[in-house]
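Novice: Residue numbers (the numbering used here): 6 to 146. The beta carbon of each residue, even a glycine, is placed where N, CA and C say it ideally should be.
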């Protein structure tokens, strides 16, 4: 039997690709007998494969149906509930936006211009003094 196509083309489940060497490792100073190590590796691989196959045969159709229903409900909610509500809020907020712009133009803009006019009248001149040799150009306001 030929293997099927790549079932994870977007690599969304690479983090669960775990093998014997990812779980178990013996340092050189502590070793189990070779037969025990090989048998343990085979038991790990076969039990993992058998359990996964049984679970996927029994549960994957039900889980895929539940996932399909969940995504369908999420899409329905986005298309028929959230999208129209966002549009409604956008329409309502455009009126508030116009009100805020009008208030800013009426209150904040004249105030900012007045403060700018006052601050523009400040003159800063520099003058050198011979009293303190450390200060070559102090600011006089």
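Out of 34, 102, 30, 82, which one is the CA nearest neighbour of residue 43?
Specialist: 30
Novice: If we call anything under 8 Å between Cβ atoms a contact, is residue 4 one with residue 50?
Specialist: What the structure shows of the chain is the stretch from 6 to 146, and residue 4 is not part of that stretch, so it cannot be assessed.
Novice: Could you tell me the alpha carbon to alpha carbon distance between residue 107 and residue 100, rounded to whole angstroms?
Specialist: 11 Å
Novice: Where does the unbroken alpha helix (DSSP H) through residue 120 begin, and where does it stop?
Specialist: In the DSSP assignment, residue 120 falls within the alpha helix (DSSP H) that extends over 114-125.
Novice: What span of residues does the alpha helix (DSSP H) with residue 101 cover, start to end?
Specialist: Looking at the DSSP string, the run of the alpha helix (DSSP H) that includes residue 101 is 88-108.
Novice: Please go through the same chain and pick out, in chain order, the residues whose beta-carbon is closer than 6 Å to the beta-carbon of residue 120, but skip the five residues on each side of it.
Specialist: none
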